[in-house]
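Visitor: Encoded as C-alpha cells, here's the structure I'll be asking about.
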Amino acid sequence: MSDMPNAEERSGDARSQRKSKPADPLPSALVDRDQVQARSNAQKRKSFDRMFFWLCVAIASLSVVVLVVLLVSIGFQGQSRLTSDLINNSHSELEPAKSGMWPSIIGSLLVCGISGLVALPLGIGTAIFLEEFKPANKLLRTLHGFIQLNIANLAGVPSIVFGLLGLTVFVYMFNVFGQIQVNRPSDWELFGVNHYYQVLSLEPGQTILVPQQDQSQTTIKISEPIEGIDNDGNPFQIEIWDRASGPKPADRETRLKTVKKGAVGGSYSKRSWYYFRLPFGKSFLAAGLTLGLVILPVIIIATQESLRAVSPSLREASLGLGATQWQTTRNISLPAALPGILTGAILALGRAIGEAAPVLVVLGAAIAKNRGPENLMDSVVTMPVLIFNWAGRPQDVYQQLAAAAIIVLLVVLLALNSVAIYVRHKVQSR
Amino acid sequence: MSARQNTPLPVALQKRNFRSTAASEFRERCVVAFLAMCGLTTVLITVCIVGMLVSQSWNFFQSEHVSFGEFLTGTEWTALQSQELENAKFGIWPLLSGTLRVTVIAMIIALPLGLITAIYLSEFASYRVRSILKPTLEIIAGIPTVVLGFFAILVISPSLQWFTAGAFDTFNATSAGIAVGILCLPMVTSLSEDAMRAVPSALRDAAYGLGSTPFETAVKVVVPAALSGIISAFLLAFSRAIGETMVVALAAGTRATATLDPREQSQTMTGFIVEMIKSENEYGTVQYFSLYAVAITLFVITFGMTLLGQLIRRRFQESYQ
Chain A
1 MSDMPNAEER SGDARSQRKS KPADPLPSAL VDRDQVQARS NAQKRKSFDR MFFWLCVAIA
61 SLSVVVLVVL LVSIGFQGQS RLTSDLINNS HSELEPAKSG MWPSIIGSLL VCGISGLVAL
121 PLGIGTAIFL EEFKPANKLL RTLHGFIQLN IANLAGVPSI VFGLLGLTVF VYMFNVFGQI
181 QVNRPSDWEL FGVNHYYQVL SLEPGQTILV PQQDQSQTTI KISEPIEGID NDGNPFQIEI
241 WDRASGPKPA DRETRLKTVK KGAVGGSYSK RSWYYFRLPF GKSFLAAGLT LGLVILPVII
301 IATQESLRAV SPSLREASLG LGATQWQTTR NISLPAALPG ILTGAILALG RAIGEAAPVL
361 VVLGAAIAKN RGPENLMDSV VTMPVLIFNW AGRPQDVYQQ LAAAAIIVLL VVLLALNSVA
421 IYVRHKVQSR
Chain E
1 MSARQNTPLP VALQKRNFRS TAASEFRERC VVAFLAMCGL TTVLITVCIV GMLVSQSWNF
61 FQSEHVSFGE FLTGTEWTAL QSQELENAKF GIWPLLSGTL RVTVIAMIIA LPLGLITAIY
121 LSEFASYRVR SILKPTLEII AGIPTVVLGF FAILVISPSL QWFTAGAFDT FNATSAGIAV
181 GILCLPMVTS LSEDAMRAVP SALRDAAYGL GSTPFETAVK VVVPAALSGI ISAFLLAFSR
241 AIGETMVVAL AAGTRATATL DPREQSQTMT GFIVEMIKSE NEYGTVQYFS LYAVAITLFV
301 ITFGMTLLGQ LIRRRFQESY Q
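Taken in order, these protein sequences are the chains called A and E.
The numbering of the first sequence is full-length UniProt numbering, which starts it at 1 and goes up by one.
The numbering of the second sequence is full-length UniProt numbering, which starts it at 1 and goes up by one.
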C-alpha cells in the first residue's frame, strides 16, 4: 500500500517527460512491470486478509465460548445444591449440607439500596453541574475541569481502596470517638436505643425489663419492688416473691409481673431500626455508604453521557423562551436524558450487588449471621462475601454451595438488568 | 369598537400571574450552590482518600521496625507470617512482583484479544454477529469478580494442571491472570471499538480506493488513527487489572514470593489487603498499618496510570471535522 503513491508520482513524471521528449522510451519500471508478480502479490494480500478475517471470527467467538464454559461449569457444579434450603436457611458450620443464603440476599439488597440512596442524588447532581452549568468565568471553568479530571481519576481507583476509605472513615472515624468494643455500648449512641436489664419472671421463659439508669453497671440485683416495663412499653410495678412468704402466685398475670427476691438481671438493649451511633462500626450503614462511594463515579459518568446526548437545540429553544438554566435542566434536559440515567443507575446498582472487596474490607469476612440487618448499626452479610468465603473453603460441599449461590447472584443481577431494559423501553416509548 | 370592549380578554392574558424575578433568581442560585456542593463532594472524596492513605501509612513508617528504604527495596514480606514484630520483614517487592505477574498475564490475554475483537466489531461484523457479540461482552463485563475468581479455581487452574501434568501450583499466578484477563477483555474491546468507530469513514474509503484490503485498512489506517483512544483503553485495563481484588484473593495464593515464575503462588498487593482483613489483626499494630502502606503504593500506581491515560487521550487525540 505504501508504494502506491510513489507509483503514481513516477507515472506523472513519465508523462511530463514524454511530452518534452516524445522519442524517449518509457521508464523501465513501467514497461517491465511484472504482471505475474503483481498478481501473486495481490493474491497473497487477499489470502492474508481472509486469514485475518477468520482469526478475528475465532477470537471474537472466544468470548462467547468463555461465557458458555463459565455458565455451564458453574451450573454443573451448583445444580445439586439448588434447593429450597439454599434460599431459606442461613450459613451453618455444623450442618454445611443445609446451609443457605437468605440473610445474604436480604443484606445485599438492603446494602445496595443504601448505596443507591447515597450515590444517586450526589452523582446526578454532580453530572448536572458539570454538563448543564458550564460557566463562562475562567476561574469556575478551571474548577469544572478539575472536578471532571477528579471524577475520571476516581473511576480508576481500585474498589479495595474505597473499602479502606470506608474502614477508616465510617467504621473507625479515625478513632476520634474511641474504639468500638464488643459487648459494651458506645458512648456516642445518639438515638434509637433503650437500655434495659432483663430479669427472669416467675413464669418460665418470660422476662421482665427494667430501664437501665447507669450504663457502666452491667447487672442488677432486685431485692425490692421497682418500676419495670411490659411488652407494650407501659410502666408497671414489679412484685417481689420471697420463698419465705409462701407459695408462688397461681395466677399467670401476677406471675408475669413478679420476680424472685434477689434475682439478677443482665443488660439488654432494645434497638429501633434507626438506631444511630458514632462511629458506625462494622455495620450495615458503613457498608452501604462505602458501596455508594464505589458506584458514584459510574453514576456520574453515565449521567453525563446521557445529558450530553440531549440535543442542544432543545435547550436553546427553552432558553430562548426565557427559561432559566435550572428550569431548562428540570423541564427539558432531565426528562430527555432520563432513560439513559435510569439505565446507568441500575447498572451501577448491579455493580454494587456484585462488589465483594469493599464490603469485605469494611465488614470483615465473617458470615455467621442468621438474619438480615435489623438496624442501621447491625452487621450484615452480602452475597459476594458469602460466595468468597464458601469458595475459599476446600470441602466439596462448600464448593457446590458457592456455585449454587453464584447462580442465585447471577439470577438477581439478571433480574435487575431486565428491569433496566424494561424501564428504558417504557420511558423511551412514552 | 363596542363589540371589542365586550369580548373578554384571552385566558392567558386574564390569568397572568407575575412571579417575582428576584425570588426565582434566588432559587436558581440555591440550586447552583447545591449542585456545586455535589461536585465538590467528589473532590472531598479524593482528598479523603489521599489524606487517609498518607496519615495512616505515616503511622506505619513511624515505627522503629520499619524503614522507608527497606519498604521500597526489600525482597521479603512477612507481615502476616511472623508473629514477633522484630522478625517481620516489610519489603514491597514480593507483593509488587506478584501483582505484576498477574497483571502481565492478564494483559497478554486481554490486550490482543480485546483489540482484535474490537477490530472485528467495528470493521467486519455484520449486524447479526454484533447483536450476539455485544450482549455477550456486556454480560461478561457485568459478572461479579468473585464469580470469575471461583471460575479460576473451579475450571482454569485444574485444566492448567491437567495440560501441564501438574507443573502448576493449585493456586498460581497464571490462572488468576487468565481470569483477570477475561475480566478486562470487555473493557478493552468496548473502549477500543468506540475509538475506532470515531474514525471517519472517509479515511477508510480512501484506503479502499487505493486498493487496500480490509486487513490493511484496519491495521494501517483505522488503528493508527484511533491509537490515542486504544492506548488509553489499554492503560485503563492495566490499572483495572492491578487493582483487581477478588480473583487474586481466591486464585493467586497467599504466599508472597519474589520470583518471575508464573506457575508459583503469588500474593498481590490487593490479595495481601484481603488476607490482612481476614486475619483480623488488631487496629493499631504495625502489621495493621502496613495495610495502608500497601494501599498507597497501589493507589499511586493506578492513579498514575489513569492520569497518563488521560494525558495521552488529550494530547494525542486526532480530531476530525
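All C-beta atoms, glycine included, are put in the ideal place defined by N, C-alpha and C.
Could you check the C-alpha separation between F90/E and V294/E for me, to the nearest Å?
Guide: 10 Å
Visitor: Measure from the alpha carbon of T103/E to the alpha carbon of each residue in I242/E, V247/E, E318/E, then state which is nearest.
Guide: I242/E
Visitor: Measuring alpha carbon to alpha carbon, tell me which of I156/E, A218/E, M246/E ends up nearest F52/A.
Guide: A218/E
Visitor: Show which residues of chain E have a CB atom less than 7 Å away from the CB atom of N150/A.
Guide: T42, V43, T46
Visitor: Determine, for C112/A, whether the minimum Cβ-Cβ distance to residues of chain E falls below 7 Å.
Guide: no
Visitor: Identify, in the order they occur along the chain, each residue of the same chain with its Cβ nearer than 6 Å to the Cβ of S228/E, setting aside the five sequence neighbours on each side.
Guide: I312, R313, F316, Q317
Visitor: According to the Cβ coordinates, are K278/E and A403/A closer than 7 Å?
Guide: no
Visitor: Under 9 Å Cβ-Cβ, which residues of chain B neighbour G166/E?
Guide: Looking for chain B here will not work: the only protein chains present are A and E.
Visitor: Return the CA-CA distance between D251/A and T218/A, expressed in angstroms with no decimal places.
Guide: 31 Å
Visitor: Quick one: what does DSSP say G372/A is sitting in, helix, strand or coil?
Guide: Three-state DSSP puts G372/A in coil, outside helix and strand.
Visitor: Restricting to Cα atoms, I'd like to know which of F238/E, K134/E, L111/E, L210/E is closest to L100/E.
Guide: F238/E
Visitor: Compare the Cα-Cα distances from T343/A to each of L416/A, L190/A, Q198/A and report the closest residue.
Guide: L416/A
Visitor: State whether the region 245-264 of chain E contacts the region 195-214 of chain E, with contact taken as three or more CB pairs (one from each stretch) at a distance under 8 Å.
Guide: Taking a cut-off of 8 Å on C-beta distances, the region 245-264 of chain E does not touch the region 195-214 of chain E, as fewer than three cross pairs fall below it.
Visitor: How would you call L9/E, buried or exposed, if buried means at least 16 neighbouring beta carbons within 10 angstroms?
Guide: exposed
Visitor: Residue 478/A and F280/A look like a contact to me (Cβ under 8 Å); what is the Cβ gap, rounded to whole Å?
Guide: Only positions 1 to 430 of chain A appear in this structure, which leaves residue 478/A out of reach.
Visitor: Are the CB atoms of F289/E and F60/E nearer to each other than 7 Å?
Guide: Yes.
Visitor: Assuming P335/A is part of the alpha helix (DSSP H), what are its boundary residues?
Guide: 334-354
Visitor: Roughly how far, in whole angstroms, is the beta-carbon of R255/A from the beta-carbon of L202/A, given that I think they are within contact range, below 8 Å?
Guide: 4 Å
Visitor: Would you say W326/A reaches chain E, if we count a Cβ-Cβ gap shorter than 7 Å as a contact?
Guide: By this cut-off, W326/A is an interface position.
Visitor: By the 10 Å Cβ neighbour count, where 16 or more other Cβ atoms means buried, how is F151/E classified, buried or exposed?
Guide: buried
Visitor: Sorted by chain position, which residues of the same chain lie with C-beta nearer than 6 Å to M276/E's C-beta, five sequence neighbours on each side aside?
Guide: If you ignore the 5 residues before and after M276/E, its C-beta comes within less than 6 Å of the C-beta of L291, all in its own chain and listed in chain order.
Visitor: Bridge partners for H91/A per DSSP, in chain order?
Guide: The partner list for H91/A (beta bridge, DSSP) is empty, contrary to what the question assumes.
Visitor: Whole angstroms is fine: what's the gap from residue 480/A's alpha carbon to I116/E's?
Guide: Outside the modelled stretch of chain A, which goes from 1 to 430, sits residue 480/A, for which no answer is possible.
Visitor: Flag A119/A as yes if its beta-carbon sits less than 7 Å from any beta-carbon of chain E, otherwise no.
Guide: False, the Cβ-Cβ gap to chain E never drops below 7 Å.
Visitor: What does the alpha-carbon distance come out to for the pair P158/E and T170/E?
Guide: 7 Å
Visitor: Work out the CA separation of L71/A and N150/A for me, nearest whole Å.
Guide: 37 Å
Visitor: Restricting to runs no shorter than 4 residues, where is the alpha helix (DSSP H) found entirely within the region 77-155 of chain E?
Guide: 93-119, 127-142, 145-151
Visitor: Indicate the three-state DSSP secondary structure (helix, strand or coil) for V221/E in the structure shown.
Guide: helix
Visitor: Work out the CA separation of Q148/A and L130/A for me, nearest whole Å.
Guide: 7 Å
Visitor: To the nearest angstrom, how far is the alpha carbon of S63/A from that of S47/A?
Guide: 25 Å
Visitor: Within the same chain, show all residues whose beta-carbon is closer than 6 Å to that of R424/A, passing over the 5 residues directly before and after it, in chain order.
Guide: Excluding five sequence positions before and after R424/A, the CB atoms of its chain that fall closer than 6 Å to its own CB belong to P339, T343, given in chain order.
Visitor: If we count the other Cβ atoms within 10 Å of its Cβ and call it buried at 16 or more, is E138/E buried or exposed?
Guide: exposed
Visitor: How big is the Cα-Cα spacing for G113/A and T258/A?
Guide: 45 Å
Visitor: With respect to the alpha helix (DSSP H) encompassing residue 433/A, which residues constitute its N-terminal and C-terminal limits?
Guide: The requested residue 433/A does not occur in the structure, where chain A is confined to residues 1 to 430.
Visitor: Please say whether S159/A and P358/A have beta carbons closer to each other than 7 Å?
Guide: yes
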